[in-house]
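Under this note's numbering, think of the first position of the sequence shown as 9, with each following residue one higher. Even glycine gets a Cβ: it sits at the ideal position worked out from N, Cα and C. On a predicted model such as this, the values are computed, not experimentally measured, just so you know. Everything below concerns the one structure shown next.
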Amino acid sequence: MFVFSLFIPYNAWGDWFAGLFHLKEGSLAFKLVQGIIPSVVLNSSNTFICTAASIFYNEAIPKATRVSVYLDGCKKAWLPCFVVSYIASFAAVWLGSKVAEKYAK
9 MFVFSLFIPY
19 NAWGDWFAGL
29 FHLKEGSLAF
39 KLVQGIIPSV
49 VLNSSNTFIC
59 TAASIFYNEA
69 IPKATRVSVY
79 LDGCKKAWLP
89 CFVVSYIASF
99 AAVWLGSKVA
109 EKYAK
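Printed below as a string of structure tokens:
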């Protein structure tokens, strides 16, 4: 997932999405809207991949029911994981900014 995220311009997509609402760049509203797109892209990818790995490679789940269990698992896991990743994205940006400021001087 990390390698995948290196090549997807989801931050640019977030900027574009926030621009659709004519929000002032740097404002709190801009940052809140901007963070939605990266969180949706990364969270969806993580949810679908991790759920698939835990369902389709689990021999305790009968093969005939794996697809329905997978879809149900994705449906139940997506929203809580999105909320966590959305909040964590702000912590990551804050921490990354502090580290960059320290080493850029």
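Compute the beta-carbon to beta-carbon distance between residue 46 and residue 66, rounded to the nearest angstrom, for a pair I have assumed lies under 8 Å.
Contact doesn't hold; Cβ gap of about 30 Å is too wide.
Take residue 88 as the anchor and find which of 109, 41, 54 and 33 has the nearest alpha-carbon.
Relative to residue 88, the option among 109, 41, 54 and 33 whose CA is nearest is 54.
Sequence-distant residues of its chain with Cβ nearer than 8 Å to residue 51 (five each side left out)
Sequence-distant partners of residue 51 (beyond 5 residues in either direction) whose C-beta falls short of 8 Å from its own C-beta, in its chain, are 86, 89, 90, 93 and 94.
Three-state secondary structure (DSSP) at residue 14?
The answer is helix: DSSP assigns residue 14 an H, G or I state.
Thinking just about the alpha-carbon of each residue, which of 44, 57, 30 and 43 is nearest to the one in residue 10?
For the options 44, 57, 30 and 43, the alpha carbon positioned closest to that of residue 10 is the one of 57.
With DSSP collapsed to three states, give me the class of residue 98.
In the three-state reduction of the DSSP assignment, residue 98 falls in the helix class, which pools H, G and I.
Residue span of the alpha helix (DSSP H) that contains residue 62, given as start and end
Residue 62: member of the alpha helix (DSSP H) spanning 44 to 64, first to last residue.
Hey, residue 16 and residue 48: beta-carbon distance below 8 Å or not?
It is not a contact, given that the beta carbons lie outside the stated cut-off.
Using a Cβ-Cβ cut-off of 6 Å (strictly less than) and excluding sequence neighbours within five positions of residue 39, which residues of its own chain qualify?
Closer than 6 Å at the Cβ level, and outside the excluded window around residue 39, lies no residue.
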